[in-house]
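Encoded as structure tokens, the structure appears first; notes follow it.
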Amino acid sequence: MTFCREEHVRIPESDLEGMSVDTLAVRAGQIRTGELEHSDAIFPTSSFVYGSAAQAAARFGGEEPGNIYSRFTNPTVQAFEARIAAMEGGERAVATASGMAAILSTCMALLKSGDHVVCSRGVFGTTNVLFQKYLAKFGVDTTFVSLTDRSQWEAAIRPETRMLFIETPSNPLCEVADMAALAELAHARDALFVVDNCFCTPVLQRPFEQGADIVIHSATKYLDGQGRCVGGVVVGPEKLMEEVYGFLRSAGPTMSPFNAWVFLKGLETLPIRMRAHCDNALELAQWLEGQSAVAEVFYAGLESHPQHELARQQQSGFGGVLSFRLKGGREEAWAFIDATRMISITANLGDVKTTITHPATTTHGRLSPEDKAHAGITENLVRISVGIEAVADLKIDLQRGFSALEQ
Ligand SMILES: Cc1ncc(COP(=O)(O)O)c(C=O)c1O
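With the sequence shown counted from 1, adding 2 to any position gets you my numbering.
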């Protein structure tokens, strides 16, 4: 029997062209070995061997493509990169050790001392710390503005602004940015428009179609979806990704092959999980709106949400994260959280298991009181990342919280 490796190594991209994200999630990027395994192979090896010293030299010199060392070339990691790039509709992806490593690598590769960033205020707390505390040490200055107020973005942009950075919907208040408008602003000044697409994933939102230059993910969240691994990824045009890849090769915040394999498996079920998250979250948000102990619910799927129409246009679903303010303060928020029995008290989100968080003292706990106030992170705010359990059972558990407040 003859075996033509070339025919079996990977489904050619052209064979999948135009296919839906549901199909790409399952099929894109798989590298099949000579064993012809059906499920993705995992390559837990730090280095690769060569047929000769000349071949080793050719690989290191970039004259011959192929694997070298898993800090920067690993087939399982490459399969994950190819799959997420196809799903986002980007040219190339670079996988990283965490979502924060994805943001750091993007900034280290594409910014320099003296550059200026404009960033939305509602970003994940650690992203805020990265810009304010660490990138500032290397001469990159950041101005934080309201995600939804275009005039603040215009006012903040300076001649040396090189990047506009957002998360949409924002964490935890679910504000929605007008991506096309921000892309236009960025491009008029020759700045990069970077979107953290962690909350929606490519299943619900495609930032490149709205003008984004770079899309970032914390793979730790929905891409895995089952709370197993920490990882991240940057997606964008070949030229920019070559820079990000170069930083990774030199600095090393690399994704492990094992984690890449877990994320590949996670991606296969991402489309159906996202739809289940969205259905449950919308029903819970509507139910929470009717509770007398709740002062305000934040979820873009609600008609009461100020950017509901924009979210309808930009997203194909409203996502699985919602938050709400209870009447009262920290005491009420903690009492509510502590009274739940099934829902997990944990800071992670995007898991099939529903999680509940007090942002002011956990995810956003390192923000200064002023920054918290600006970002709307009040003591009575509770965030829920709605999982895929039966929504009736989630209501039973949350009702325990409301009953505790009544007592
Ligand atoms: C929107 C968003 N971006 C980035 C990150 C950072 O990701 P990681 O925890 O994988 O470093 C998080 C983490 O919660 C997040 O919620």
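Note that the Cβ used here is the ideal one computed from N, Cα and C, for glycine as well.
In this structure, DSSP gives Glu305 a state outside helix and strand, which the three-state scheme calls coil. With respect to Thr163, Ala190 sits apart: the two C-beta atoms are not nearer than 8 Å.
A heavy atom of ligand 1 is found nearer than 7 Å to the CB of Glu169.
Under the DSSP definition of a beta bridge, Arg385 partners with Ser325 and Thr359. Remark: the C-beta of Cys109 is outside contact range of ligand 1, defined as less than 7 Å to any heavy atom. Secondary structure note for Ser122: it is in no alpha helix (DSSP H), and the uninterrupted beta strand (DSSP E) holding it is His118 to Ser122. Closer than 7 Å to some heavy atom of ligand 1: that describes the Cβ of Met102. Boundaries of the beta strand (DSSP E) harbouring Met165: Thr163 to Glu169, taken from the DSSP string.
No Cβ-Cβ contact shorter than 8 Å links Pro209 with Thr98. Exclusion of Ser387 from the 7 Å shell around ligand 1 follows from its C-beta lying no nearer than that to any non-hydrogen atom of the ligand.
Under DSSP, Phe126 shares a beta bridge with no residue. Shortest gap from the CB of Thr363 to any heavy atom of ligand 1: 7 Å or more. Residues Leu206, Met276, Arg277 and Cys280 of the same chain have their beta carbon placed closer than 7 Å to that of Gly319, with the five preceding and five following residues left out of the count. Lys397 and Val323 have their C-alpha atoms roughly 15 Å apart. DSSP, reduced to helix, strand and coil, places Ser100 outside both helices and strands of the structure shown, so it counts as coil. For the pair Tyr247 and Val96, the CB atoms are nearer than the 8 Å cut-off.
For Gly234, the beta-bridge partners assigned by DSSP are Thr98 and Ser220.
Cβ contact annotation for Leu272 (same chain, cutoff 7 Å, sequence separation greater than five): Ala27, Thr203, Val205, Tyr224, Leu225 and Gly227, in chain order. Secondary structure note for Phe300: its beta strand (DSSP E) is the uninterrupted segment Val296 to Phe300.
Of Lys114, Gly229 and Glu244, the smallest CA-CA separation from Gly389 is found for Gly229. For Leu194, the enclosing beta strand (DSSP E) stretches over residues Leu194 to Asp198.
Under the DSSP assignment, Val147 falls in the beta strand (DSSP E) whose first and last residues are Asp143 to Val147.
At the C-beta level, Asn76 and Pro371 stay beyond 8 Å of one another.
When the beta-carbon positions are compared, Leu112 and Leu242 come within less than 8 Å of each other.
Residue burial is scored here from C-beta neighbours: Gly101 has at least 16 other C-beta atoms within 10 angstroms and is therefore classed as buried.
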